[in-house]
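Visitor: Under the UniProt record's numbering, think of the first position of the sequence shown as 1, with each following residue one higher.
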Amino acid sequence: MATPRRPRSLPASARGRQASVPAAQPSAEEVALFREAVAGAQPIAPSGRVALAAPAPLPIPLQHLRDEQAALAESLSDDVDVDSLLETDELLSFRRPGIGPDVVRRLRRGHWVIQAELDLHGMRRDEARESLATFVREAQQSGLRCVRIIHGKGLSSPGREPVLKHKARAWLVQKNEVLAFCQAKPSDGGAGALVVLLRAPPGAGGGRR
């Protein structure tokens, strides 16, 4: 008696082709029967749905608010009698009460390295005042101790009067961040610039930078 043959399995490639055959689409008769079956169905009432609240807006960084408040509160006057606050030396230096004269001498000699500068050339008075106030505030917040303000000598001003030179001094004495300032050395701008010593930020040392 002959041994029955086992059914031969399909090759792997053929099986793959079989598996990829798409499902048959329903006939028109099947679609019509389905539509007839659901013709009387009613949609579920939305009363049981949960309404999700809109996400809360991101909080505004506290430091950003503080900076805006500081900018709004900052008001430098052009009418300050700065001459009465300056030292009577030939360079008209300035130092806060409690700051010794040796600090101004060291500042004038370049004891502190100039870490940043602001050039006021070509600015209108209002623009220069705002730029100086912002520059000093941000420099002190960044931990800088010594900066330079370039105001020019006023040689191109009407009447050759150094308007910004006098205004820059008046604005600086109103800034609490400023401890002292003096005319720059000739190599750092001479009569056309001021070297300014700033307070150390809270928690920082006051050493030479």
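Quick reminder that beta carbons are idealized off the backbone N, C-alpha and C, glycines included.
Note that the structure is a prediction, hence the values are computed from the model and not measured.
1) Grouping DSSP H, G and I as helix and E and B as strand, with all else coil, what is V173?
2) Looking at C-alpha atoms only, which residue of P202, R108 and S93 is the closest neighbour of S187?
3) For V113, count neighbouring Cβ atoms within 10 angstroms of its own Cβ and tell me buried if that reaches 16, exposed if not.
4) Using 8 Å as the Cβ pair cut-off and three pairs as the minimum, do the region 128-139 and the region 96-103 touch?
5) Roughly how many angstroms lie between the CA atoms of P28 and F34, to the nearest whole one?
6) Terminal residues of the continuous beta strand (DSSP E) containing Q183?
7) As a quick exercise: from Q42, R199, V163 and A53, pick the residue whose alpha carbon is nearest that of H121.
8) Of the choices F94, V31 and G203, whose alpha-carbon is the least far from that of S142?
9) Check for me: the beta strand (DSSP E) holding R148 runs from which residue to which?
10) In terms of alpha-carbon separation, which member of A170, I150, A200 and A37 lies closest to E138?
11) Please return the same chain residues whose Cβ sits closer than 8 Å to the Cβ of L198, not counting the five positions on each side in sequence.
12) Here's the rule I'm using: 16 or more other beta-carbon atoms within 10 Å means buried, otherwise exposed. How should A53 be labelled?
13) Using the three-state DSSP reduction, which class does V136 fall into: helix, strand or coil?
14) From A168 to H111, what does the alpha carbon distance come to, in whole angstroms?
15) Quick check on R129: buried or exposed, where buried means 16 or more other Cβ atoms within 10 Å of its Cβ?
16) Sort out for me which residues DSSP pairs V196 with in a bridge.
17) Using 10 angstroms around the beta-carbon of V195, count the other beta-carbons present and answer buried if the total reaches 16, otherwise exposed.
18) Run through the DSSP bridge pairs and tell me what E117 is partnered with.
19) Measure from the alpha carbon of R96 to the alpha carbon of each residue in L172, D119, I149 and A41, then state which is nearest.
Guide: If we stick to the structure as given:
1) Reduced to three states, the DSSP call for V173 is helix.
2) R108
3) exposed
4) no
5) The question names Pro, yet the displayed sequence has Ala at residue 28. Taking the straight line joining both Cα atoms gives about 10 Å.
6) V178 to Q183
7) Ranking Q42, R199, V163 and A53 by Cα distance to H121 puts V163 first.
8) G203
9) In this chain, the beta strand (DSSP E) harbouring R148 covers C146 to I150.
10) A200
11) If we look at L198 and ignore the five residues flanking it on each side, its Cβ neighbours are V136, A139, Q140, L144, R145, C146, V147, E177, V178 and L179.
12) exposed
13) helix
14) 22 Å
15) buried
16) Under DSSP, the beta-bridge partners assigned to V196 are V147 and F181.
17) buried
18) R148
19) Cα-wise, what sits closest to R96 is L172.
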